[in-house]
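Enquirer:
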Amino acid sequence: VTLLCAHLALTRSARLRQMNWIAHWIVKEAPEGPLVLAGDFNDWRNDSVPLFAEHGLQEVATLLGEPARTFPAFSPALALDKMFVRGLKPVELIQPAQETAWLSDHLPYMARLRLE
Numbered sequence: 000v001t002l003l004c005a006h007l008a009l010t011r012s013a014r015l016r017q018m019n020w021i022a023h024w025i026v027k028e029a030p031e032g033p034l035v036l037a038g039d040f041n042d043w044r045n046d047s048v049p050l051f052a053e054h055g056l057q058e059v060a061t062l063l064g065e066p067a068r069t070f071p072a073f074s075p076a077l078a079l080d081k082m083f084v085r086g087l088k089p090v091e092l093i094q095p096a097q098e099t100a101w102l103s104d105h106l107p108y109m110a111r112l113r114l115e
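Numbering (the numbering used here), first residue to last: 0 to 115.
#1: State the Cα-Cα distance for the pair residue 86 and residue 19, rounded to the nearest angstrom.
#2: Please confirm if the stretch 32-41 is in contact with the stretch 4-15, defined as three or more CB-CB distances below 8 angstroms between the two stretches.
#3: Does the count of Cβ pairs from the stretch 47-54 and the stretch 69-76 closer than 8 angstroms reach three?
#4: Decide if residue 58 is buried, meaning its Cβ has at least 16 other Cβ atoms within 10 Å, or exposed.
#5: Taking the alpha carbon of residue 125 as the point to measure from, which residue in 34, 53, 91, 80 has its own alpha carbon closest?
#6: Under 7 angstroms Cβ to Cβ from residue 89, same chain only, skipping five residues before and after it: list those, please.
#7: Quick one: grab the DSSP three-state call for residue 1.
#8: Starting from the C-beta of residue 104, find all residues in its chain whose C-beta is less than 8 angstroms away, skip the five residues before and the five after it, and write them out in chain order.
Here it is in structure tokens:
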């Protein structure tokens, strides 16, 4: 399983460049096999979901039909964090305990996955 962690920029233009770089890296360095790409995408406009779908990656919360709101941690309203998978089946989103809110400005994004 290839595991990638990302923390993308705040500006949309920089994020789009970073996402395209990551997509290119995946095509070149990890074209096959199970893969997880997760992290803080700062993705206010949800640009990442269609971009990575073009490269065969699916977003876990989207697949499960559940919101993955992680920001701000003390009162999560936005889904800025993402987890994309290829060759893995999302089984469930794991809701973090609210007492984890002091760990970061984002709640953790946790999911149970199964190899396909």
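Heads up, the beta-carbon is just placed ideally off N, CA and C, and yes, glycines get one too.
Because the structure is a prediction, the values reported are computed rather than measured.
Expert: Reading from the atomic positions:
#1: 21 angstroms
#2: yes
#3: no
#4: buried
#5: An answer regarding residue 125 cannot be provided, because it is not within the stretch 0 to 115 covered by the chain.
#6: 59, 62, 63, 110, 112
#7: strand
#8: 70, 71, 72
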